[in-house]
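The structure under discussion appears below in the form of C-alpha cells.
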Amino acid sequence: MGAAHSASEEVRELEGKTGFSSDQIEQLHRRFKQLSGDQPTIRNLRKGPSGLADEINFEDFLTIMSYFRPIDTTMDEEQVELSRKEKLRFLFHMYDSDSDGRITLEEYRNVVEELLSGNPHIEKESARSIADGAMMEAASVCMGQMEPDQVYEGITFEDFLKIWQGIDIETKMHVRFLNMEAMALCH
Numbered sequence: 000m001g002a003a004h005s006a007s008e009e010v011r012e013l014e015g016k017t018g019f020s021s022d023q024i025e026q027l028h029r030r031f032k033q034l035s036g037d038q039p040t041i042r043n044l045r046k047g048p049s050g051l052a053d054e055i056n057f058e059d060f061l062t063i064m065s066y067f068r069p070i071d072t073t074m075d076e077e078q079v080e081l082s083r084k085e086k087l088r089f090l091f092h093m094y095d096s097d098s099d100g101r102i103t104l105e106e107y108r109n110v111v112e113e114l115l116s117g118n119p120h121i122e123k124e125s126a127r128s129i130a131d132g133a134m135m136e137a138a139s140v141c142m143g144q145m146e147p148d149q150v151y152e153g154i155t156f157e158d159f160l161k162i163w164q165g166i167d168i169e170t171k172m173h174v175r176f177l178n179m180e181a182m183a184l185c186h
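In numbering that gives the first Met the number 0, the protein residues as written are 0 to 186.
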C-alpha cells in the first residue's frame, strides 16, 4: 500500500507541476516508454553542443511536453497570452543554443541545417541559403531598413515576439490527446 500511495502522490505532484491530468500523464508515460524503448531515459535527442540534455527522464519529458498543453477554455486573455509567451520562449531557447539571449545567424543556420538534414533533396548550401534569407527577413521585421554598413547581431526574445506576432501558435503548437474509447468505436 505504501508504494501505491507514493505513486499517487508522485502523480499529483506531476499534475501540479505540469498542468496535465492523471489520464494525460498516463498517456504520455506510454508514449515515453515507446520512445525510450522501455528504458528510464530517452537518449540523444539532439546532437552537438546545443546545451540540451543528451538524455531526459520521464519527469523532464513531461516538463517539456507541458509547453505544448492545449489552451484551457477557462483561461482569460491574460492567461492565454502568458501561455503563448511560454511556448515562444521554449521555441526561442531551442534556437539560442548558447543561451546568451540572442539567436545568431550561425545558431539559426545550425538548426535549419539539422531540421533539413533528413531531406535528401535539400543540400547543405540550400539549407544555409534558407537560413540566411530567413535571418534577413527577421532583420527587416525587427530593425526596418538597415544601412549598408549596419550588422544585425541576431534575434532577441523581443524580436522573436515581433516575428511571431499574428501567427496563431496556440492552436497549432499543442499535444492532442485522443479519446481511446472514441477511437475504439471508429474501428
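All C-beta atoms, glycine included, are put in the ideal place defined by N, C-alpha and C. Fair warning: this is a prediction, and the values are worked out from it, not measured in the lab.
Please report the residue range of the alpha helix (DSSP H) in which residue i lies.
| i | result |
| --- | --- |
| threonine 72 | Counting along the chain, threonine 72 falls outside any alpha helix (DSSP H), and DSSP gives it neither H nor E. |
| glutamate 54 | That residue, glutamate 54, is in no alpha helix (DSSP H); its beta strand (DSSP E) goes 54-56. |
| glutamate 157 | 156-162 |
| glycine 132 | 123-142 |
If I follow the unbroken beta strand (DSSP E) through residue i, where does it start and stop?
| i | result |
| --- | --- |
| isoleucine 102 | Here isoleucine 102 belongs to no beta strand (DSSP E), and DSSP marks it neither H nor E. |
| isoleucine 41 | 40-42 |
| isoleucine 24 | Looking at the DSSP string, isoleucine 24 is not in any beta strand (DSSP E); the run it does join, the alpha helix (DSSP H), is 21-35. |
Comparing alpha-carbon positions, which option in the options lies nearest residue i?
| i | options | result |
| --- | --- | --- |
| proline 147 | Ile154, Met135 and Asp158 | Met135 |
| serine 65 | His120, Ser20, Asp97 and Thr155 | Ser20 |
| alanine 137 | Thr62, Phe156 and Gln26 | Phe156 |
| lysine 161 | Val140, Glu152 and Gly153 | Val140 |
| serine 35 | Glu54, Glu25 and Gln26 | Glu54 |
| aspartate 59 | Ser96, Ser98 and Lys16 | Lys16 |
| arginine 127 | Gly117, Glu112, Asn118 and Pro119 | Glu112 |
| serine 98 | Gly153, Gly117, Ile63 and Thr62 | Gly153 |
| glycine 100 | Phe159, Glu8 and Trp163 | Phe159 |
| glycine 165 | Arg42, Leu87, Gln144 and Asp131 | Leu87 |
| glycine 132 | Gly117, Tyr151, Pro119 and Asn118 | Tyr151 |
| aspartate 167 | Lys84, Gly143 and Gln144 | Lys84 |
Can you name, in chain order, every residue of its own chain whose Cβ lies under 7 angstroms from the Cβ of residue i, other than the five neighbours on each side?
| i | result |
| --- | --- |
| tyrosine 94 | Ile102, Glu106, Tyr107 and Val110 |
| phenylalanine 57 | His28 and Phe31 |
| glutamine 38 | none |
| tryptophan 163 | Leu87 |
Which residues in the same chain have their Cβ closer than 6 angstroms to the Cβ of residue i, if we skip the five residues on either side of it in sequence?
| i | result |
| --- | --- |
| leucine 104 | Met134 |
| isoleucine 121 | Leu115 |
| phenylalanine 89 | Tyr66 |
| isoleucine 63 | none |
| alanine 130 | Tyr107, Arg108 and Val111 |
Once the 5 residues before and after residue i are set aside, which same chain residues still bring their CB inside 8 angstroms of it?
| i | result |
| --- | --- |
| glutamate 124 | none |
| leucine 184 | Note that leucine 184 scores a pLDDT of 40, beneath 50, so its modelled location is shaky; the value from the coordinates is reported in the next line. Excluding positions up to five away in sequence, the list is empty. |
| histidine 92 | Ser98 |
| phenylalanine 13 | In the sequence under discussion, the amino acid at residue 13 is leucine, which differs from the phenylalanine named in the question. Only Phe19, Ile24, Glu58 and Leu61 meet the Cβ criterion. |
| methionine 74 | Ser82 |
| valine 10 | Ser21 and Ile24 |
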